[in-house]
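Working notes, structure below.
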Amino acid sequence: MNTVAFNRVLVTGAAGFIGYHLSRRLLDDGCAVTGIDNLNDYYEVTLKESRLARLKEESRFAFVRDDLSDRDAVSRLFEKHTFDVVVNLAAQPGVRYSLVNPRAYIDANVVGFANILEACRHGGVKHLVYASSSSVYGANREMPFSVHHNVDHPVSLYAATKKANELMAHSYSHLYGLPCTGLRFFTVYGPWGRPDMAYFSFTRSILAQKTIRIFNHGKMQRDFTYIDDIVEGVVRVMRRLPQPDPSWSGRHPDPGTSYAPFKIYNIGNHRPVALMDFVSAIEAALGTEAKKEFAEMQPGDVQDTYADVEDLARDVDFTPRTPLSKGIERFVEWYRDYYGV
Numbered sequence: 516m517n518t519v520a521f522n523r524v525l526v527t528g529a530a531g532f533i534g535y536h537l538s539r540r541l542l543d544d545g546c547a548v549t550g551i552d553n554l555n556d557y558y559e560v561t562l563k564e565s566r567l568a569r570l571k572e573e574s575r576f577a578f579v580r581d582d583l584s585d586r587d588a589v590s591r592l593f594e595k596h597t598f599d600v601v602v603n604l605a606a607q608p609g610v611r612y613s614l615v616n617p618r619a620y621i622d623a624n625v626v627g628f629a630n631i632l633e634a635c636r637h638g639g640v641k642h643l644v645y646a647s648s649s650s651v652y653g654a655n656r657e658m659p660f661s662v663h664h665n666v667d668h669p670v671s672l673y674a675a676t677k678k679a680n681e682l683m684a685h686s687y688s689h690l691y692g693l694p695c696t697g698l699r700f701f702t703v704y705g706p707w708g709r710p711d712m713a714y715f716s717f718t719r720s721i722l723a724q725k726t727i728r729i730f731n732h733g734k735m736q737r738d739f740t741y742i743d744d745i746v747e748g749v750v751r752v753m754r755r756l757p758q759p760d761p762s763w764s765g766r767h768p769d770p771g772t773s774y775a776p777f778k779i780y781n782i783g784n785h786r787p788v789a790l791m792d793f794v795s796a797i798e799a800a801l802g803t804e805a806k807k808e809f810a811e812m813q814p815g816d817v818q819d820t821y822a823d824v825e826d827l828a829r830d831v832d833f834t835p836r837t838p839l840s841k842g843i844e845r846f847v848e849w850y851r852d853y854y855g856v
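In the numbering used here, the protein residues as written are 516 to 856.
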């Protein structure tokens with residue numbers, strides 16, 4: 516049987532963008548959700564607190580403010596609660612910040628994830644689902660990006676920590692039979708999003724009549740994925756236990772599967788959008804033309820992302836499908852309402 520029923524779910528990073536939306540969906544589905552977050556100040560804490568306030572309106576939501584890099588705190592959490600499924604979304608995000616504060620990524624993304632793996636191993640968790648990133652594809656130029664491609668050449672420390680998460684999860688699947696599924700998210704956007712993301716900062720700057728900086732002179736494309744599609748994909752994957760692949764061979768190893776209960780999926784829109792078309796979509800939703808300044812590519816960035824989602828579609832019968840124009844309209848509507856613009 517490759518499905519798992521769940522009622523008690525731990526969502527790490529519950530005050531974050533994806534964590535908030537996933538927690539809302541699970542609560543709407545009748546689950547009891549425990550959220551953990553350290554509410555760090557990487558971006559405005561008031562936005563995280565606003566997300567949390569909405570989650571706390573539900574009696575089935577419990578919140579713990581702690582840091583996953585604190586091993587004792589994680590142990591206490593799992594001693595107090597029993598979870599059917601754990602979804603690890605807590606991480607230090609951002610490529611450029613990893614160039615100036617690398618230790619934050621080691622602490623949150625490597626040490627924190629190791630603590631979660633140990634807690635799941637000893638806590639009887641049925642399924643660990645964790646966030647990876649399209650950033651792991653790094654210097655790979657074969658398009659679309661497939662989970663069956665080699666990803667051994669990350670171009671940022673952030674990407675390296677996400678690749679490390681996948682390797683760590685595989686070792687626990689191999690050693691302890693812990694079912695682990697990694698999800699490589701592709702440029703997630705939508706209401707309640709992260710202020711450090713381009714669509715958010717562009718919207719803020721355009722409304723303030725400030726100039727936006729467009730890197731690599733606009734010659735980039737991204738596989739933008741709307742938050743509701745991300746959440747639907749996560750929930751469907753949560754229900755599906757990864758199965759050992761009987762055809763896996765150590766002579767010709769497939770990076771996306773394993774002889775252990777381990778799987779990797781891309782969750783992307785499978786429709787890469789040129790950066791200038793992306794800017795045009797924001798301008799159309801705002802009804803305002805942006806002042807633009809063009810600049811060189813930033814260190815650690817990649818020129819293109821494009822998700823192959825064939826495995827996701829086959830295994831959980833889902834393919835992200837929200838058009839960028841519709842998703843940006845919904846974000847702008849939320850932004851105007853939240854900030855009173």
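No residue lacks a Cβ here, since even glycine has one placed at the ideal position from N, Cα and C.
Environment of residue i [buried if 16+ CB atoms lie within 10 Å]
| i | result |
| --- | --- |
| VAL640 | buried |
| VAL560 | exposed |
| PHE858 | Here the chain covers residues 516 to 856 and nothing more, so residue 858 does not appear. |
| GLY692 | exposed |
| HIS732 | exposed |
Separation of residue j from residue i, as counted between CA atoms
| i | j | result |
| --- | --- | --- |
| ASP585 | ASN555 | 14 Å |
| PHE550 | ARG540 | In the sequence under discussion, the amino acid at residue 550 is Gly, which differs from the Phe named in the question. Whole-angstrom Cα-Cα distance: 13 Å. |
| LEU643 | GLY531 | 18 Å |
| ARG851 | ARG636 | 44 Å |
| ALA623 | ARG829 | 33 Å |
| LYS677 | ILE779 | 12 Å |
| HIS668 | ALA619 | 21 Å |
| ILE533 | VAL746 | 8 Å |
| LEU525 | LEU583 | 12 Å |
| SER648 | ALA605 | 13 Å |
| LEU672 | GLN813 | 14 Å |
| LEU756 | ALA713 | 34 Å |
Spatially closest choice to residue i from the options, by CA coordinates
| i | options | result |
| --- | --- | --- |
| PRO759 | LEU672, ARG766, SER773 | SER773 |
| GLU844 | GLY855, PRO659, ILE721, ALA799 | ALA799 |
| GLU681 | VAL662, GLU804, ALA577 | VAL662 |
| GLY765 | LEU756, ALA775, ALA675 | ALA775 |
| GLY638 | ASN665, LYS595, VAL666 | LYS595 |
| MET791 | LYS734, PRO761, ARG575 | LYS734 |
| TYR853 | ASN517, LYS563, LEU537 | LYS563 |
| THR803 | ARG566, PHE578, GLN724 | GLN724 |
| GLN736 | VAL824, ASP816, ARG566, ASN517 | ASP816 |
| PHE793 | PRO838, VAL831, VAL625 | PRO838 |
| SER716 | TYR535, TYR558, HIS536 | TYR558 |
| PHE578 | ALA529, VAL625, SER565, ALA684 | ALA529 |
Supposed contact pair residue j and residue i - C-beta distance, whole angstroms, cut 8 Å
| i | j | result |
| --- | --- | --- |
| PHE593 | ALA629 | At roughly 14 Å, the Cβ-Cβ gap does not stay under 8 Å, so PHE593 and ALA629 are not in contact. |
| ASN781 | LEU827 | 6 Å |
| ILE631 | THR527 | 7 Å |
Contact with chain D by residue i, beta-carbon distance below 8 Å
| i | result |
| --- | --- |
| ARG699 | The structure shown has no chain D; it contains just one protein chain. |
Three Cβ pairs or more, each shorter than 8 Å: is that satisfied between the stretch 644-655 and the stretch 812-829? Flag = yes, the stretch 644-655 and the stretch 812-829 touch.
Segment contact flag, the stretch 737-745 with the stretch 704-717, C-beta cutoff 8 Å, min 3 pairs: Put simply, the stretch 737-745 touches the stretch 704-717. At least three CB pairs are less than 8 Å apart.
Quick check: the stretch 532-549 against the stretch 680-698, are at least 3 beta-carbon pairs closer than 8 Å? These segments do not touch.
Between the stretch 559-575 and the stretch 609-624, do at least 3 Cβ pairs fall closer than 8 Å? By the Cβ criterion, the stretch 559-575 is not in contact with the stretch 609-624, since fewer than three pairs of Cβ atoms, one from each stretch, lie closer than 8 Å.
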